[in-house]
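Notes for the one structure printed next.
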Amino acid sequence: MDYLALLPGLALLAGAILLLPVVRPTSMIARRGLILAVFCLSLRYFWWRITETLPPPAQPADFAFGLLFLMLEMMLAFSTYMCLLTFWRHRDNSPAADAFERASREANHSLPAVDVFIPTYNEGWEVLERTILGARALDYPNFTVWVLDDTRRDWLREKCERLGVRYLRRDGNSGAKAGNLNNALEISKVETGAPLIMVLDADFVPKRHFLRRVTGFFDDPKVALVQTPQFFFNPNMLQHNFMLSESWVDEQRFFFDTLQPAKDGWDVSYCCGTSFVARRAAIEAIGGYPTETITEDILLSFKLIDAGYVTRYLNEKLSNGLAPETIGEYIKQRSRWGIGAIQSLFVQCGPFGRNNLSFLQRMLFLETANYWISLPTFCLFGLIAPLLYWFFGIAILRADAADYAYHFLPAFISSTALFVWISGGRIMPLLTDLTEFVCASRVAPAVWKALLFRKSQPFRVTAKGMLTDRVQINWPVMLEAGTLFALTAFAILSYRASLVGGLQSDGGDPKLYTFWSCWNLLILALVMLLAVERPRMRREERFDLNEPATLLWRGKLEPVRLLDMSVSGARLEVGPDMAPALRDADVILQIEGIGPATAHTTSAGGQHVHVRFGAGAPREAIITKLYTGPYDSVARQAEIGAALGELFKRVLGMR
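Given below as structure tokens:
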């Protein structure tokens, strides 16, 4: 094989990749050029995989496992190719939203009415309070907030009456969240008749200008729904356990910040269940919120597009919610999403049904189900495959290490460069894939069960707002990862000690399986470390403010800087002579948007003073300011170098 023949092409590709940091992802020439390069290199790899690496049928175990692994690779390739096709377009709706907001302020009293639905099942008041207050504080002249209580709690009704929002309950729980929304749809039509419906999950707080930015899209009668991205004000389990909340973004940023704007370019952006506004007439035209699957959101997209409507996506941070805080809740949420995607394959408006979807729309919707079928199964199989080689002599891939690198690395490096560049660094192979390996052994069986047996699945709500005061270990994840780690390490050590020899010369290359095993050891070690869940003792999230405030102390008003703040307290920057004298003092903080708040200093050092708000502080005003304002509590932009550094410290036990 003439490896030198590829050098000019690889040099050209390497040069293109090196130029990516100075080219914007919105440059369609650069974007499409790299998409074509990735596609060609991927086809080159798969041609080689299909024609030269499959075990012979004469060795049935090798052939069967090898064919299964190749099929999983090709299923993942289908998802990758559909992503590449999706990336061919891109739509930025922010300029249109700017114009809509200006127009809405000029026509302030002639805007369409909006019903704001907050469906709730088992969330506590500490979660619901900020959502209701945020919804109530929307900067819009004509809206009604409805709290849809599916567990019929009298205390919640009383609190809703005190806050001046509508409270609604029903007799049963049929249809789960979708049934709850349909009940509200029917009742609110009689009482308000608002033409637009805004949906917020119980833990999602809208920004004040949400409706100003969104309602103008409905001037186009074809637009049935406008979705906005999901952001989170608490670190997810990976960010928290690895201490990456200041340097790494949540794993959904790629979908919301990169994939959804591209889908919108094809008029197929997805409804995601919360933080969206829909046209009442369109929802009624399709028979209400879908109840055929346990995830009503993606099916709602199918039905609206099938009915001839258009969905739109506005890629702006217009709400904040709670991310799953434990591995168990993360797995529950992902399993529900995967099962819902599989169930959507078998409905009338799905990719195989008799409907009005175009071929491209069917393929794009099919890709969602394919993703949930193939990725968890591929991750699980990838951890087991080297063990089949070491312990049973089953080589699923017949190639030497150099030949595999020759064909695989150009495709892998180019696709990684494309996805990292086009997402603005929001994905990274190791960190992005780690969460998939954590839940693979739970999600894969759930998805395959839904696919093969098509049994109805109960709707399981993800618990939010969980606090723990001690380290907890997710033992199922720990034991599974630990067992695979021990077997893989034993196999490598045994091979090096000549206790196991792998296959003969007509089988796989031990060097290839050794490298594969070492990569698995790294993944499994990180999974085990992630399974050790750090305490979450902070009841309220702390937001970065960095804005001026005024401190009333000893009868004098002193200018200070409000660095960060939570519902319970704040951190101030004061003059160098003030901090020592402010220890254990009662003060009053004058904060923009809140007014005076009584507080007590708890510590002081240098120019920084920590205060805790007193009983007389305006709690509701503080919640409204923090959760509806332009503030962040976790990273919005990924810093790959810093994230890797923090991860390295965590692995070494330095943090």
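What the sequence shown shows, in numbering that gives the first Met the number 0, is residues 0 to 654, in sequence order.
Even glycine gets a Cβ: it sits at the ideal position worked out from N, Cα and C.
Keep in mind it's a predicted model, so treat the numbers as computed, not measured.
Item to complete: Rounded to whole angstroms, what's the CA-CA distance from N107 to V222? Just pull it up for me.
Response: Counted from its first residue, the sequence shown places residue 107 at position 108. Counted from its first residue, the sequence shown places residue 222 at position 223. Roughly 22 Å separates the two Cα atoms.
Worksheet item: Can you check whether the CB of I421 is closer than 8 Å to the CB of R30?
Response: Taking the first residue of the sequence shown as 1, we reach residue 30 at position 31. Taking the first residue of the sequence shown as 1, we reach residue 421 at position 422. In this structure, I421 lies closer than 8 Å to R30 by Cβ.
Worksheet entry | Terminal residues of the alpha helix (DSSP H) in which I655 lies | The question about residue 655 has no answer here: the residues shown for the chain are numbered 0 through 654.
Worksheet item: Helix or strand or just coil, what does DSSP make of T434?
Response: Working through the sequence shown from its first residue, we reach residue 434 at position 435. Three-state result, T434: helix.
Discussion item. Taking the beta carbon of R101 as the centre, do at least 16 other beta carbons fall within 10 Å, making it buried, or is it exposed?
Written reply: Start at 1 with the first residue of the sequence shown, and residue 101 comes out as number 102. Exposed, by the Cβ-count rule.
Discussion item. Threshold first: 4 residues or longer. Then list the alpha helix (DSSP H) segments lying entirely within the region 108-141, N to C.
Written reply: 124-135
Fill in: Where the alpha helix (DSSP H) containing I196 begins and where it ends
Here residue 196 refers to the residue found at position 197 when the sequence shown is read from its first residue. Careful: I196 lies outside any alpha helix (DSSP H), inside the beta strand (DSSP E) at L195 to V198.
Worksheet item: Taking the runs of the alpha helix (DSSP H) that are 4 residues or longer, which of them lie wholly in the region 522-609?
Response: none
Worksheet item: When you compare only the Cα positions, how much space is there between Y80 and P350?
Response: For this step, residue 80 is matched to residue 81 along the sequence shown. For this step, residue 350 is matched to residue 351 along the sequence shown. So the alpha carbons of these two residues sit roughly 17 Å apart.
Fill in: Per-residue burial, W371 [other beta carbons within 10 Å of its own, 16 or more giving buried]
The residue labelled residue 371 in the question sits at position 372 within the sequence shown. W371 comes out buried.
Item to complete: Count the other C-beta atoms from every protein chain shown that fall within 10 angstroms of the C-beta of V559, then say buried if there are 16 or more, exposed otherwise.
Response: Residue mapping note: residue 559 aligns to position 560 of the sequence shown, counting from 1. Buried.
Worksheet item: If you check the beta carbons only, do V113 and L210 fall under 8 Å apart?
Response: For the purposes of this step, residue 113 is taken as residue 114 along the sequence shown, with counting starting at 1. For the purposes of this step, residue 210 is taken as residue 211 along the sequence shown, with counting starting at 1. Yes, they are a contact pair.
Discussion item. Looking at L317: is its Cβ nearer than 8 Å to the Cβ of R252?
Written reply: Residue numbering aside, residue 317 sits at position 318 when the sequence shown is read from its first letter. Residue numbering aside, residue 252 sits at position 253 when the sequence shown is read from its first letter. Going by C-beta atoms, L317 is not nearer than 8 Å to R252.
Fill in: Cα-Cα separation, N141 to A36
Position 142 of the sequence shown, counted from the first residue, corresponds to residue 141. Position 37 of the sequence shown, counted from the first residue, corresponds to residue 36. Each residue's Cα considered, the two are about 51 Å apart.
Fill in: Limits of the unbroken beta strand (DSSP E) element including R165
Translated into the one-based positions of the sequence shown, residue 165 becomes position 166. Counting along the chain, the beta strand (DSSP E) containing R165 begins and ends at R165 to R168.
Fill in: Whole-angstrom C-beta distance between F203 and T292, which should lie under 8 Å
Counting from 1 along the sequence shown, the entry for residue 292 is found at position 293. Counting from 1 along the sequence shown, the entry for residue 203 is found at position 204. Their Cβ separation, rounded to whole angstroms, is 21 Å, which puts T292 and F203 out of contact at 8 Å.
Fill in: Integer Cβ distance of F217 from P111, believed to fall under 8 Å
Within the sequence shown, numbered from 1, the residue matching residue 217 stands at position 218. Within the sequence shown, numbered from 1, the residue matching residue 111 stands at position 112. Confirmed, Cβ separation roughly 7 Å.
Worksheet item: Applying the criterion that 16 or more other CB atoms from any shown protein chain within 10 Å of the CB defines a buried residue, is L21 buried or exposed?
Response: Taking the first residue of the sequence shown as 1, we reach residue 21 at position 22. It is Val, not Leu, that sits at residue 21 in the sequence shown. V21 is exposed by the Cβ-count criterion.
Fill in: Rounded separation between L40 and E366 - CA only
As a first step, residue 40 must be located in the sequence shown, where it is residue number 41. As a first step, residue 366 must be located in the sequence shown, where it is residue number 367. When rounded, the distance between both Cα atoms is 21 Å.
Fill in: Span of the beta strand (DSSP E) around R278
To locate residue 278, count along the sequence shown from 1; it is residue 279. Segment F275 to R278, the beta strand (DSSP E) holding R278.
Item to complete: Would you be able to state if there are at least three C-beta pairs under 8 Å between the region 511-525 and the region 478-495?
Response: yes
Practice prompt. Using alpha carbons as the reference points, say which of A569, G352, E295 and T325 lies closest to I662.
Written response: The structure shown has nothing for residue 662, since the chain only spans 0 to 654.
Worksheet entry | For F203, the three-state DSSP class (helix, strand or coil) | To locate residue 203, count along the sequence shown from 1; it is residue 204. Of the three classes helix, strand and coil, the one that applies to F203 here is coil, per DSSP.
Worksheet item: If you drop the 5 nearest sequence neighbours on each side, which residues of the same chain put their C-beta closer than 7 Å to that of A449?
Response: Taking the sequence shown and counting its residues from 1, one reaches residue 449 at position 450. Excluding positions up to five away in sequence, the list reads I338, I341, Q342 and Q456.
Item to complete: Could you check if D148 is buried or exposed, using at least 16 other CB atoms within 10 Å of its CB as the buried criterion?
Response: Within the sequence shown, the letter at position 149 stands for residue 148. Buried, by the Cβ-count rule.
Discussion item. If I measure Cβ to Cβ from F45 and keep anything under 8 Å in the same chain, skipping five residues before and after, which residues do I get?
Written reply: Here residue 45 refers to the residue found at position 46 of the sequence shown. Result list for F45: E72, M73 and A76, in chain order.
Worksheet entry | CB-CB length for P55 against G423, believed under 8 Å | The count along the sequence shown starts at 1 and reaches residue 55 at position 56. The count along the sequence shown starts at 1 and reaches residue 423 at position 424. Contact flag wrong, Cβ pair sits at about 45 Å.
Worksheet item: Can you tell me where the beta strand (DSSP E) with Q226 in it begins and where it stops?
Response: Position 227 of the sequence shown holds residue 226. Unbroken beta strand (DSSP E) run through Q226: V222 to Q226.
Worksheet entry | Within 8 Å, strictly: CB atoms of T487 and L511 | For the purposes of this step, residue 487 is taken as residue 488 along the sequence shown, with counting starting at 1. For the purposes of this step, residue 511 is taken as residue 512 along the sequence shown, with counting starting at 1. Not a contact, by the Cβ cut-off of 8 Å.
Worksheet item: In or out: W389 buried (at least 16 other Cβ within 10 Å) or exposed?
Response: Indexing the sequence shown from 1 puts residue 389 at position 390. Counting Cβ neighbours within 10 Å, W389 comes out buried, since at least 16 surround it.
Worksheet item: Thinking C-beta only, is V146 closer than 8 Å to R165?
Response: Numbered from its first residue, the sequence shown carries residue 165 at position 166. Numbered from its first residue, the sequence shown carries residue 146 at position 147. Against a cut-off of 8 Å, the Cβ pair of V146 and R165 comes out as a contact.
Discussion item. Can you give me the C-alpha to C-alpha distance between A404 and I395, rounded to a whole angstrom?
Written reply: Here residue 404 is taken as the residue at index 405 of the sequence shown, counted from 1. Here residue 395 is taken as the residue at index 396 of the sequence shown, counted from 1. Distance between the alpha carbons of A404 and I395 is about 16 Å.
Item to complete: Select from K555, V419, V267 and G320 the residue whose C-alpha is nearest the C-alpha of F358.
Response: In the sequence shown, counting from the first residue as 1, residue 358 sits at position 359. The option with the nearest alpha carbon to F358 is V267.
Worksheet item: Tell me which same chain residues have a C-beta within less than 7 Å of the C-beta of E638, skipping the five on either side of it?
Response: Position 639 of the sequence shown, counted from the start, is the residue given in the question as residue 638. Correct list, in chain order: S246.
Worksheet item: Would the beta-carbon of Q360 fall within 8 Å of that of I282?
Response: Translated into positions along the sequence shown, residue 360 becomes position 361. Translated into positions along the sequence shown, residue 282 becomes position 283. Their beta carbons are not under 8 Å apart, which means Q360 does not touch I282 by this criterion.
Discussion item. Tell me which residues share the same chain as Q636 and place their Cβ nearer than 6 Å to its Cβ, disregarding the 5 neighbours each side in the sequence.
Written reply: For the purposes of this step, residue 636 is taken as residue 637 along the sequence shown, with counting starting at 1. So the list is empty, once near-sequence residues are dropped.
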